[in-house]
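Asks: Each residue of the sequence shown is one higher than the one before, starting from 32 at the first, in our numbering. The structure follows.
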Amino acid sequence: MSPADTGASTTVGARLPASPDFPTDTPTDTRMTPGGPGYRRMSLALFLAGVATFALLYSTQALLPLISGEFGVAAGEASWTVAAATGGLALFVLPMSALSERYGRRTVMTASLAVAVAVGVLVPFAPSIGALVVLRAVQGAALAGLPASATAYLAEEVRPKALVTAIGLFVAGNSVGGMSGRVITGWVAQEWGWRVAVGVIGAIAVACAVAFRLLLPAPRHFTPGSLRPRVLLGTVRDHLANPLLRRLYAIGALFMTVFGGVYTVIGYRLTEPPFGLPQGVVGSIFLVYLVGTVSASTAGRLVGRLGRRGALYLAGGTTAAGLLLSLGDRLALVLLGLVLITAGFFAGHAVASSAVSRTATTGRAQASALYQSAYYVGSSAGSTVGALAFHSGGWAGTVGVGLLAVLGVVGITLCGTRAARVAARREPVPAH
C-alpha cells in the first residue's frame, strides 16, 4: 500500500510507485537533478520567483502602524491590507492551477508575476484604506498563479529524490522575499513614508520577474490537461478524499495561522512600550527570516533523518517554544522567540508542501493549489484573528491563538501516526 493510502511517512529518497504521471528514478530519467544541466538555472529562477511573491504579498505587513496612523484606523482594520492579499491568493489559486494544467506552468507563472508587479505600481497611490485593500486583493489574486504552478513544475521536472530539496529552495526564496521586503520597507518608510517603501518593493519585484523569465528552463515533461469543469472537479474531489492530503492541507493552514498572526502584530508590539523601537529597527527584526531560509532549505535532510511526521513534530515543538519565549518583556527573549517561530514554521511548511507534491500522482497542480489555498486561508485568518486578539488581550492573546494552532498541528500529526500504525497491522504478512 502506498503512503497516500496508509498515511505512512514519505522519506527522502523513497522510490515512488511507477506510473506515467510520476515515474521513479531510472538511469535514463531525463528530469533535473542537483549538479545536472539546468538545475542551477531552475533553482535560481524559482528562488527569485519566491522572493518576488513574498515581497509583494507581505509588502504592507511591517508598515501597518504607519498605515494605521495615516488613515486613522485600528490594527484590525489595517491588517486587512495583508489579509486581503492572502485571501485573494487563496481564492484564486485553484482556478489558476487549472490554467496551469492547460497552458503550462511557466506561462502561468510569468503572467501572474507580470500582473502582480503592474498592480504594485498602483499600490503607492491608493487614496484610502478601502482602495488600498482592494488593490492588495487584486495583487494577491494575481500572485495565485505562482505557488501551485511552481511546485507542480518541480514535481514534473525534478527527480523524486531531489524534490524536497528543490521545493525547500523555493520556500527559502519565500523567506528571503518576506525578510527583504519587510526590512527594506521599514528603513525606507522611516525616511520617506510607507508609499515610497511599497514602491521600492514593486521595483525589486519587477527585476525578479524579468530574471525569472530569462532563467527558467522550458518544461520538458509537461503534458497539457483538460479545462473541463467536470474533470477538474473530479480531480479536486479525489484529492480531498485522500486522508493524507487532507491532513497536510490542515497542517499548512495551521502553521500559517501562527506565522500570519505573529508577524502581523509584532510591529505594533515593538513600537509600543516597553520597547518603543523606531520603524527602521522594527523592519530589521525581520532579518530573522534568514533562519527560515536555512530551515526550509535543509528540510530534506530533516525528513531523511526523522521521517515526515518526526520532522513535523519537531517543527511544531520549535514553533511553540518560540511563542512561549516571546512572552518575555526583554527584547532578547522576543527576538529568540521569533527565531524559533520562524525556523519551525518554514521547516514545517517545506515538509508539508513537498509531501503534497509527492503524494499526488495525478493532478499535481490541483493538489498543490488546494494546499496553497488552505495555507493562505490560514494566513488571512492568522492576520485578522491575531490582530483582534492583540487588540483585546495584548501580545499574550496573539500567542494564545498561535499555541492553539500548534496544538492542532500536533494533534493532526498524531492522527497520521495512528492511521499508519493501523494500516501497518492490516498489511498481510508476505509468505516465505
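The beta carbon of each residue, even a glycine, is placed where N, CA and C say it ideally should be.
(1) With DSSP as the reference, label Val189 as helix, strand or coil.
(2) Where does the unbroken alpha helix (DSSP H) through Glu132 begin, and where does it stop?
(3) Return the CA-CA distance between Ala391 and Ala398, expressed in angstroms with no decimal places.
(4) Do the stretch 105-124 and the stretch 158-171 touch if we need at least three Cβ pairs shorter than 8 Å?
(5) Which residue comes first and which comes last in the alpha helix (DSSP H) that contains Ala451?
(6) Is the stretch 197-210 in contact with the stretch 426-436, if contact means three or more CB pairs nearer than 8 Å?
(7) Could you please give me the residues that DSSP links to Met63 through a beta bridge?
(8) Considering only their Cβ atoms, is the gap separating Ser128 from Ala420 smaller than 8 Å?
(9) Within the chosen definition, does the stretch 298-314 reach the stretch 337-345 through at least 3 CB pairs nearer than 8 Å?
(10) Do the stretch 380-387 and the stretch 272-291 make contact, defined as three or more Cβ pairs closer than 8 Å?
(11) What's the C-alpha gap between Gly265 and Gly353?
(12) Which residue wins for smallest C-alpha separation from Phe317, given the options Ser90, Arg71, Pro68 and Gly69?
(13) Specify, as a first and last residue, the run of the alpha helix (DSSP H) that Ser357 falls within.
(14) Put Glu303 into one of helix, strand or coil per three-state DSSP.
(15) Can you tell me which of Arg62, Leu95 and Gly359 puts its alpha carbon nearest to the alpha carbon of Pro305?
(16) Which of the three DSSP states, helix, strand or coil, is assigned to Ala234?
(17) In the structure shown, what three-state DSSP assignment does Phe253 receive?
(18) Report the CB separation of Ser404 from Leu125 in whole angstroms; it is logged as a contact under 8 Å.
(19) Starting from the C-beta of Gly347, find all residues in its chain whose C-beta is less than 6 Å away, skip the five residues before and the five after it, and write them out in chain order.
(20) Have a look at Tyr320 and Val82 and give me their C-alpha separation to the nearest angstrom.
(21) How would you call Phe156, buried or exposed, if buried means at least 16 neighbouring beta carbons within 10 angstroms?
(22) Where Gly331 and Ala342 are concerned, what is the direct C-alpha to C-alpha distance, given to the nearest angstrom?
(23) Compute the Euclidean distance between the alpha carbons of Asp52 and Arg457, then round it to the nearest angstrom.
(24) What are the start and end residues of the alpha helix (DSSP H) that includes Ala159?
(25) So within the stretch 324-349, which uninterrupted beta strand (DSSP E) runs reach at least 3 residues, ignoring any that extend past its ends?
(26) Classify Ser110: buried if its beta carbon has 16 or more other beta carbons within 10 angstroms, exposed otherwise.
Replies: Working from what's here:
(1) Numbered from its first residue, the sequence shown carries residue 189 at position 158. In this structure, Val189 counts as strand in the three-state DSSP scheme.
(2) Numbered from its first residue, the sequence shown carries residue 132 at position 101. First-last of the alpha helix (DSSP H) with Glu132: Trp111 to Tyr134.
(3) Translated into the one-based positions of the sequence shown, residue 391 becomes position 360. Translated into the one-based positions of the sequence shown, residue 398 becomes position 367. So the two alpha carbons sit approximately 6 Å from each other.
(4) yes
(5) As a first step, residue 451 must be located in the sequence shown, where it is residue number 420. It spans Arg395 to Arg457 - the alpha helix (DSSP H) in which Ala451 sits, taken as one unbroken run.
(6) no
(7) As a position in the sequence shown, residue 63 is number 32, starting the count at 1. Bridge partners of Met63: Val189.
(8) Position 389 of the sequence shown, counting from 1, holds the residue named residue 420. Position 97 of the sequence shown, counting from 1, holds the residue named residue 128. For Ala420 and Ser128, no; Cβs fall outside 8 Å.
(9) no
(10) yes
(11) Stepping through the sequence shown from its first residue, residue 265 is reached at position 234. Stepping through the sequence shown from its first residue, residue 353 is reached at position 322. Cα-Cα distance, rounded: 41 Å.
(12) As a first step, residue 317 is located in the sequence shown; it is residue number 286 there, counting from the start. Among Ser90, Arg71, Pro68 and Gly69, the Cα nearest to that of Phe317 is on Ser90.
(13) Here residue 357 corresponds to residue number 326 of the sequence shown, with the count starting at 1. Neither: Ser357 is in no alpha helix (DSSP H) and is coded neither H nor E.
(14) Position 272 of the sequence shown, counted from the first residue, corresponds to residue 303. Coil, per DSSP.
(15) As a working note, residue 305 is residue 274 in the sequence shown. For Pro305, the nearest C-alpha among the options comes from Gly359.
(16) One-based indexing of the sequence shown puts residue 234 at position 203. Note: Ala234 maps to helix in three-state DSSP.
(17) Numbered from its first residue, the sequence shown carries residue 253 at position 222. In this structure, Phe253 counts as coil in the three-state DSSP scheme.
(18) If you number the sequence shown from 1, residue 404 lands on position 373. If you number the sequence shown from 1, residue 125 lands on position 94. Indeed, because the Cβ distance is near 6 Å, the residues count as touching under 8 Å.
(19) Along the sequence shown, read from residue 1 onward, the residue named residue 347 stands at position 316. Same-chain partners within the cutoff: Val437, Val440 and Val441.
(20) Looking up residue 320 in the sequence shown gives position 289. Looking up residue 82 in the sequence shown gives position 51. Distance between the alpha carbons of Tyr320 and Val82: 12 Å.
(21) Numbered from 1 along the sequence shown, position 125 holds the residue referred to as residue 156. Under this definition Phe156 is an exposed residue.
(22) The count along the sequence shown starts at 1 and reaches residue 331 at position 300. The count along the sequence shown starts at 1 and reaches residue 342 at position 311. One C-alpha to the other measures close to 10 Å.
(23) Here residue 52 refers to the residue found at position 21 when the sequence shown is read from its first residue. Here residue 457 refers to the residue found at position 426 when the sequence shown is read from its first residue. Legend: pLDDT at Asp52 = 37, less than 50; position of this residue unreliable, no value from coordinates given.
(24) As a first step, residue 159 must be located in the sequence shown, where it is residue number 128. Inspection of the sequence shows that residue 159 is occupied by Ser rather than by Ala. Here Ser159 belongs to no alpha helix (DSSP H), and DSSP marks it neither H nor E.
(25) none
(26) Position 79 of the sequence shown, counting from 1, holds the residue named residue 110. Ser110 should be labelled buried.
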